[in-house]
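The next block holds one structure in the form of structure tokens; read it before the comments.
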Amino acid sequence: MRIAIIGSPGSGKSTLARQLGAITGCEVVHLDRVFWKPGWVETSRTQFVLAQQRLVEKDAWIIDGNYGSTIEIRMRAADTIIWLDVPRRICLWRALVRTIRNRGQVRTDMAPGCPERIDLQFMQYIWRFPERERPRLVQLLACAQPQGKNVVRLTTSNEIYAYLGSFQHEV
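For my numbering, add 95 to where a residue sits in the sequence shown, where the first one is 1.
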């Protein structure tokens, strides 16, 4: 089982990954923990690519995160791609609440030494995600289905809960 979870920040990728990991027992990898080093220092592209190539060689995994420059590594290796296509206003609200709730603390899905902070550029990225990032995801997912990938598009919390419920019955 190899599951890639993609979608806008604030769409619920990390939460879904943790829940699926609890159900399946598969290793959960949050790409934010791979990409960021303490103090919000970015990993080099080369190191990031190599780390993901090593991760996807494993037999089973659940990886959450977009990182568009390397998304194809995960999509090629995944047997299931879950796209959380959640409305912008919900993603923005969730990210804002998460930022306020965790301000100054390091979340479990974030790299050590990277405390939650208010970041206007990040909020702008979420706001612009539907216009700037979503079209490419649509295109990549359209190519993935003919390759035999199980592509699951979830747009609401109710759909996510229903998917989790059906997933529990399958495992």
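Using N, Cα and C, we set each Cβ at its ideal position, and we do this for glycine too.
* Asked: Which runs of the beta strand (DSSP E), 3 residues or longer, sit entirely within the segment 122–202?
  -> 123–125, 156–159, 175–179
* **Exposure label - Q263; buried when at least 16 CB within 10 Å** => exposed
* For the alpha helix (DSSP H) that I213 lies in, which residues bound it at each end? -> Unbroken run through I213: none, as it is neither H nor E.
* To do: Give the straight-line distance between the Cα atoms of F130 and F143, rounded to the nearest whole angstrom.
  => 6 Å
* To do: Buried or exposed for D174, please, with buried defined as at least 16 other CB atoms from any protein chain shown within 10 angstroms of its CB.
  => exposed
* Asked: Would you report the Cα separation of R198 and P241, rounded to the nearest angstrom?
  -> 43 Å
* Asked: How long is the line joining the alpha carbons of Q148 and P225, rounded to whole angstroms?
  -> 28 Å
* **Burial state of G300, where buried means 16 or more other Cβ atoms lie within 10 Å** => Because the chain is modelled from 96 through 266, residue 300 falls outside the range shown and cannot be assessed.
* To do: Name the two residues that bound the continuous alpha helix (DSSP H) containing G102.
  => Run containing G102: none in the alpha helix (DSSP H); it sits in the beta strand (DSSP E), 97–102.
* Asked: alpha helix (DSSP H) containing Q308: first to last residue?
  -> Residue coverage of the chain in this structure runs from 96 to 266, which leaves residue 308 outside it and unanswerable.
* **Residue environment, E152, which counts as buried when at least 16 other CB atoms sit within 10 Å** => exposed
* Hey, S252 and C186: beta-carbon distance below 8 Å or not? -> no
* Would you mind working out which of P182, I255, R202, Q234 sits nearest R223, comparing C-alpha positions? => P182
* Which partner residues does R248 have in the DSSP bridge list? -> W178
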